[in-house]
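The sequence shown maps to residues 1 to 337 in UniProt numbering.
Where is the CB? At the ideal position from N, CA and C, for every residue including glycine.
If you're wondering where the values come from, they're calculated on a predicted model, not measured in any experiment.
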Amino acid sequence: MNNRYCRQIPILGKEGQYNLENTSVLIIGAGGVGSPLSLYLAGSGISTLGLIDFDDVDLTNLHRQILFSEKDIGKNKALQGVQKLKTLNSGISINPYPEKLTIKNAKRIFQKYELIIDGSDNFQTRYLANDICCQLNLPLISASIYKSQIQIATINPKVACYRCIFPEPPPPNLVQSCSLSGIIGTTSGIAGSIAASIAIQIICHKTPLESKILRINCNDFSSEKLEILKNPTCTSCKVKLVSWPAISYRIRLEDIEVNDYLVIDVRELNEDRSKMLVLNQLHLPFSELIKCLPQLPDKKILVYCSQGVRSEYVAHLLRSRGFEAFSLGICISLDGK
Numbered sequence: 001m002n003n004r005y006c007r008q009i010p011i012l013g014k015e016g017q018y019n020l021e022n023t024s025v026l027i028i029g030a031g032g033v034g035s036p037l038s039l040y041l042a043g044s045g046i047s048t049l050g051l052i053d054f055d056d057v058d059l060t061n062l063h064r065q066i067l068f069s070e071k072d073i074g075k076n077k078a079l080q081g082v083q084k085l086k087t088l089n090s091g092i093s094i095n096p097y098p099e100k101l102t103i104k105n106a107k108r109i110f111q112k113y114e115l116i117i118d119g120s121d122n123f124q125t126r127y128l129a130n131d132i133c134c135q136l137n138l139p140l141i142s143a144s145i146y147k148s149q150i151q152i153a154t155i156n157p158k159v160a161c162y163r164c165i166f167p168e169p170p171p172p173n174l175v176q177s178c179s180l181s182g183i184i185g186t187t188s189g190i191a192g193s194i195a196a197s198i199a200i201q202i203i204c205h206k207t208p209l210e211s212k213i214l215r216i217n218c219n220d221f222s223s224e225k226l227e228i229l230k231n232p233t234c235t236s237c238k239v240k241l242v243s244w245p246a247i248s249y250r251i252r253l254e255d256i257e258v259n260d261y262l263v264i265d266v267r268e269l270n271e272d273r274s275k276m277l278v279l280n281q282l283h284l285p286f287s288e289l290i291k292c293l294p295q296l297p298d299k300k301i302l303v304y305c306s307q308g309v310r311s312e313y314v315a316h317l318l319r320s321r322g323f324e325a326f327s328l329g330i331c332i333s334l335d336g337k
C-alpha cells in the first residue's frame with residue numbers, strides 16, 4: 001500500500017484504499033466543479049481518471065477554476081487539466097478528452113469507466129449523462145450550481161434516475177450560465193469537494209448508492225435532502241431512451257386569467273420583492289420550495305421569479321409531482337403593476 005495515502009487509510013481502511021486504486025472515474029467538465037473535484041480525486045489515488053471538456057481556459061475562469069493558472073489561458077481545459085493533475089499524482093492514469101460530449105461519443109467514452117461525475121454547467125449534458133448512465137447501468141453523481149445554491153444528485157439507475165423527478169430540462173434560452181447569474185469561487189470549491197467526498201464514500205462502500213438530491217444554500221449553509229422516487233413511466237431508467245426534448249411550460253400573462261391560478265413567487269428573501277404579480281400570492285423561496293410541496297393545494301399553479309429561470313425549473317418539478325404548473329415567461333420587473 002502506497003505510503004502517500006497513510007493519512008486517509010485510518011478512515012477509509014486498507015480495503016477502501018484498494019478500491020480507490022482499482023477504480024476508474026470519468027469527470028465531465030473541468031470548470032468550477034470539475035477543478036476541485038479532479039484535484040481531490042487525483043490526490044486520493046483513483047487509479048484512472050478521465051477528464052472531458054472541449055472549452056478553453058479564459059481569464060474569467062480563474063477565480064474559481066483552481067486547476068488552471070494565467071499561463072493556461074487560451075488552452076484546452078482537458079489537456080491542461082491532465083498535465084496539472086499528473087504533477088499532483090504521477091502514479092495514476094489520467095485520460096484527456098478535449099471534445100464536446102454528444103450522443104455520438106458518450107457511450108463510447110462512458111463504458112470505459114465505473115463511475116461518472118457530471119460537473120457541467122448545462123442541462124443538455126446533464127440529461128445526456130443521466131440517459132447514458134441508465135443505458136449502461138453506471139452510477140452517476142451530478143453536481144450543479146446556481147448563484148449560491150448547490151445541488152448534488154446521486155443516481156443509481158437500478159433505483160431511480162434524474163428524469164424520474166425532472167422528466168425534461170427547461171428550454172436552453174431560459175437557463176443562465178455562471179457568466180450571467182454570477183458565482184463566488186468558494187461556492188464552486190464546496191460543490192467540487194462534496195462531490196469528491198461522495199464519490200470516495202461510494203467507491204469505498206462507506207455509503208449505500210441511493211438516488212437522492214442534496215441541496216445546500218451557501219449563504220446560510222442550510223441544507224436539505226430529497227429522495228428520488230422511481231417513476232414507472234420514466235423514459236430513461238425504464239425505457240432506456242436517450243433524448244432531451246425542450247418542453248416548455250411558459251405562458252404569457254396576457255393569455256390567461258391570473259385569478260384562476262395559485263400564484264407562487266419563488267424569489268429569495270434577499271431579493272427585491274417590492275413589485276408583486278398579485279397581492280394574494282404565495283411566497284415560497286426557491287431554496288426552500290421542496291419541503292413545502294406537500295402543503296400545496298391541488299389547483300393550477302403559476303410560478304414566477306426575477307428572470308424566468310427558476311420559475312421554469314420549478315414548473316418542471318411541480319409537474320413531476322402531479323401538479324398542473326406553469327412558468328410566467330417574462331422577467332418580473334412588473335412596471336406599471
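- The Cβ atoms of C161 and N137 do not sit closer than 8 angstroms to each other.
- Distance check between E21 and each of I28, R215, I46, I256 places I46 closest, using alpha-carbon atoms only.
- Bridge pairing for R215: Q151, E224 [DSSP].
- If you ignore the 5 residues before and after K100, its C-beta comes within less than 8 angstroms of the C-beta of F54, all in its own chain and listed in chain order.
- Counting only unbroken stretches of 3 or more residues, the beta strand (DSSP E) elements lying wholly within the stretch 269-313 are 301-304, in sequence order.
- The beta carbon of L59 lies closer than 8 angstroms to those of E70, I73 in the same chain, with the five residues before and after it left out.
- Setting aside the 5 residues that flank it on each side, N219 is surrounded in the same chain by S148, each with a C-beta closer than 6 angstroms to its C-beta; the list follows chain order.
- In this structure, DSSP gives V266 a state outside helix and strand, which the three-state scheme calls coil.
- By the beta-carbon neighbour count (other beta carbons within 10 angstroms, threshold 16), N259 is exposed.
- Here the alpha carbon of T23 sits roughly 10 angstroms from the alpha carbon of C204.
- About 6 angstroms separates the CB atoms of V266 and L284; that is less than 8 angstroms, so the two are in contact.
- In the displayed model, Y97 falls within a strand according to three-state DSSP.
- Taken atom to atom, the span from the alpha-carbon of T233 to that of Y113 is near 28 angstroms.
- The criterion of a C-beta distance shorter than 8 angstroms is not satisfied by S188 and R310.
- When beta bridges are read from the DSSP output, R250 appears opposite S327.
- Just so you know, the alpha carbons of Y313 and P169 end up roughly 8 angstroms apart.
- Residue pairing for T48: DSSP places it in a beta bridge opposite S24, S93.
- The three-state secondary structure of A143, taken from DSSP, is strand.
- Residue state for N76 is assigned as strand, using DSSP reduced to three classes.
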